[in-house]
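These notes concern the structure reproduced below.
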Ligand code: PGA
């Protein structure tokens, strides 16, 4: 696991944006796993500014609320079109977001897994992290081998997401999310986290034992996982000074 700590969310995002941009330039038909929430907003803005060619890029989003109309402002369909897809030359047919309104949700989940495989697997998965350590919407005690499926949000996540909906009651209880096993199959994983409210979850994920109580800790078993953090999110890491030194003293050939 590589842990990159920068002073600001903007600086941490820029490193992530360079990694995504390099992938899209080197592999124009790359398969990207995408995340929603407040964390990746800066990343998407930066990628839009970089004027990359998205025409052959395939995307798979991590998750979606169940029962929220696709055109609801807080659906992840709306989020992705508003914050990224509308601003780049992506082919609509190559965009995949779980359908939270399907009659047969388990069928949708199985088909999603199949589509990821048919696309050749995910080259690079972007992740945020919940204050409870969730990745995607894999809440604490999610199986570390889980696949795309229905999950029930924890009260903490519904409280965290109430800011988007105006009140907690409006946050759906149920979601479709890629599983941790699904995420672990991405060839590279890039987790972004900003702010002191993420510090505990980040420290447990990076330095704690691998445990389903902190689903992000499964990334300790991923051979190509990178955390891009600001100082707030890094503030509870025991070995922050070591990670800073490693990054600052990287040989040029190892830089993104
Ligand atoms: P946030 O959510 O980016 O809105 O903080 C992160 C997450 O729940 O994964």
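Numbering (this note's numbering), first residue to last: 1 to 256.
Positions of the beta carbon are idealized from the N, C-alpha and C atoms, including for glycine.
Source: prediction; values computed, not measured.
_Is it buried or exposed, residue 238, if we count other Cβ atoms within 10 angstroms and call 16 or more buried?_
Stepping through the chain shown from its first residue, residue 238 is reached at position 238. By the neighbour-count rule (16 or more Cβ atoms within 10 Å), residue 238 is not buried but exposed.
*Provide the residue(s) that pair with residue 65 in DSSP beta bridges, ordered along the chain.*
Taking the first residue of the chain shown as 1, we reach residue 65 at position 65. Per DSSP, 175.
*asked:* Please give me, in chain order, every unbroken run of the beta strand (DSSP E) with length at least 3 that falls completely inside the stretch 147-199.
replied: 149-152, 174-177, 188-193
_Contact test: residue 274 Cβ vs the ligand PGA heavy atom, cutoff 6 Å_ = In the structure as shown, the chain starts at 1 and stops at 256, and residue 274 therefore has no counterpart that could be examined.
*Coarse secondary structure for residue 211, derived from DSSP in three states*: Counting from 1 along the chain shown, the entry for residue 211 is found at position 211. Three-state result, residue 211: strand.
_At a threshold of 6 Å, does residue 128 count as lining the ligand PGA (C-beta to nearest heavy atom)?_
In the chain shown, residue 128 corresponds to position 128, counting from 1. Indeed, a heavy atom of the ligand PGA lies less than 6 Å from the Cβ.
*Taking the runs of the beta strand (DSSP E) that are 3 residues or longer, which of them lie wholly in the stretch 49-121?*
58-61, 63-65
*In whole angstroms, what separates the C-alpha of residue 241 from that of residue 227?*
Numbered from 1 along the chain shown, position 241 holds the residue referred to as residue 241. Numbered from 1 along the chain shown, position 227 holds the residue referred to as residue 227. Distance between the alpha carbons of residue 241 and residue 227 is about 15 Å.
*asked:* Let me check one thing: in DSSP terms, what residues is residue 2 bridge-paired to?
replied: Start at 1 with the first residue of the chain shown, and residue 2 comes out as number 2. Answer by DSSP bridge pairing, in chain order: 226.
*Where residue 248 and residue 174 are concerned, what is the direct C-alpha to C-alpha distance, given to the nearest angstrom?*
Here residue 248 corresponds to residue number 248 of the chain shown, with the count starting at 1. Here residue 174 corresponds to residue number 174 of the chain shown, with the count starting at 1. Each residue's alpha carbon lies about 42 Å from the other.
*Cβ-based burial, residue 245 [other Cβ within 10 Å; buried from 16]*: Taking the first residue of the chain shown as position 1, residue 245 is located at position 245. When all chains shown are included, residue 245 counts as exposed.
_DSSP-derived helix/strand/coil call for residue 127_ = The residue labelled residue 127 in the question sits at position 127 within the chain shown. DSSP places residue 127 in strand when its eight states are reduced to three.
_I'd like the list of long-range same chain contacts for residue 133, defined as Cβ closer than 8 Å, with 5 residues on each side in sequence excluded._
If you number the chain shown from 1, residue 133 lands on position 133. Around residue 133: 140, 201, 204, 205, 213, 214, 215, 216, 217.
*Take the Cβ of residue 64 as the centre, count every other Cβ of all protein chains shown within 10 Å, and call the residue buried at 16 or more, exposed below.*
In the chain shown, residue 64 corresponds to position 64, counting from 1. Residue 64 should be labelled buried.
_For residue 198, tell me which candidate among 210, 76, 135, 114 has the shortest Cα-Cα distance._
Within the chain shown, numbered from 1, the residue matching residue 198 stands at position 198. That would be 135, whose Cα lies nearest to the Cα of residue 198.
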